[in-house]
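Mapping of the sequence shown onto full-length UniProt numbering: position 151 corresponds to residue 152, and the numbering continues sequentially without gaps.
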Amino acid sequence: SKRVAILLSGGGSNMRALVTSMTGEHPARPALVLSNRADAGGIAWAKAQGIATEVVDHRPHGSDRAAFEAEIDARLRPYAIDIICLAGFMRVLTAGFVTPWQGRMINIHPSLLPKYRGLHTHARALEAGDQEAGCTVHEVTAELDEGPILGQARVPVLATDTPDTLAERVLVQEHILYPAVLRRFAQGNRAPLYLP
Ligand code: GAR
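This is the structure in structure tokens:
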């Protein structure tokens with residue numbers, strides 16, 4: 002089966018959803034969880050599950066993204082990774098890293114792309130008066146939050162929403178969408194999945 006590396010920077014709730022989905026007849030297995038932050042909650046959880054973990058701190062590399070990415074690449078290599086899932090990995094990856102992985106690396110983004118690439122997606126959706134919000138899983142290309150869409154899930158925006166309450170509603174859908182898309186992607190199915 003396909004060997005999956007999950008890259009994260011934080012709590013890793015999407016990573017947990019991905020890991021717990023990869024059981025039984027699933028076409029993929031979690032081979033590695035990698036974080037740029039040693040104190041990421043997701044690292045402790047993955048370790049407790051008996052999953053291999055690696056930490057690559059970006060800070061010693063300063064603004065040298067190529068050096069940071071070369072270190073990630075070196076850490077990935079021994080695990081013979083087939084698919085990379087970015088799951089709340091909050092460092093921009095440049096073409097030097099992305100291009101060799103293109104077609105084998107996917108990301109979840111908390112907006113209905115192509116709307117709201119980048120940060121603060123929920124605040125921006127509220128500010129725009131959007132009636133719906135959601136999340137997108139897409140193939141990673143050298144352009145930030147671009148690349149073929151593999152799936153989207155939508156939620157209503159409520160009049161009482163704050164960025165936090167909206168994020169919470171979207172995150173529930175992220176945990177459904179990302180495992181569903183990964184399963185399809187690992188089987189070679191790149192047709193977009195629209196939920197609900
Ligand atoms: C998720 O909402 C994910 O979509 C978002 O960060 C959160 C990570 O939560 N990703 C981005 O904003 C990527 N630029 P998690 O660590 O609990 O999965």
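Heads up, the beta-carbon is just placed ideally off N, CA and C, and yes, glycines get one too.
These figures come from a predicted structure and were not determined experimentally.
- Tell me which same chain residues have a C-beta within less than 6 Å of the C-beta of His110, skipping the five on either side of it? So the list reads Thr137 and Asp146, once near-sequence residues are dropped.
- Query: Do we get a CB-CB distance below 8 Å when we pair Arg4 with the residues of chain D?
  - Reply: Although the question refers to chain D, the structure presented lacks it and comprises just one protein chain.
- Query: Is DSSP giving residue 1 helix, strand or coil here?
  - Reply: This structure leaves residue 1 out entirely; the chain is present only between 2 and 197.
- Query: At what residues does the alpha helix (DSSP H) containing Ile177 begin and finish?
  - Reply: Pro164 to Ala187
- Message: Using only the alpha-carbon positions, how far apart do Gly11 and Ala39 sit?
- Response: C-alpha separation (whole angstroms): 10 Å.
- Task: Spell out the partners DSSP gives Ile82 in its beta bridges.
- Result: In the DSSP output, where bridge partners are listed per residue, Ile82 has none listed.
- Residues near Pro95 by beta carbon distance below 6 Å, same chain, minus five either side: Position check: residue 95 holds Thr in this sequence, whereas Pro was assumed. Arg66.
- Query: Per DSSP, what kind of secondary structure is Asn37 in: helix, strand or coil?
  - Reply: coil
- Message: I need the straight-line Cα distance from Asn15 to Lys48, nearest angstrom please.
- Response: 16 Å
- Within 7 Å: the Cβ of Ser14 and any heavy atom of ligand 1? yes
- Segments of 3+ residues assigned as beta strand (DSSP E) that fall wholly inside the segment 6-78: The segment 6-78 contains these whole beta strand (DSSP E) runs: 29-36 and 54-56.
- Message: Can you look up His121 in the DSSP assignment and give me helix, strand or coil?
- Response: coil
- Task: Determine the closest residue to Asn190 out of Leu196, Val182 and Pro197, with distance taken between C-alpha atoms.
- Result: Val182
- Any 3 or more C-beta pairs closer than 8 Å across the segment 165-184 and the segment 70-79: no
- Length of the line joining the Cα atoms of Leu87 and Ala143: Taking the straight line from one Cα to the other gives about 14 Å.
- Supposed close pair Ser2, Ala41 - CB separation, criterion 8 Å: 26 Å between Cβ atoms; not a contact.
- With a Cβ-Cβ cutoff of 8 Å, do Ile73 and Leu127 count as a contact? no
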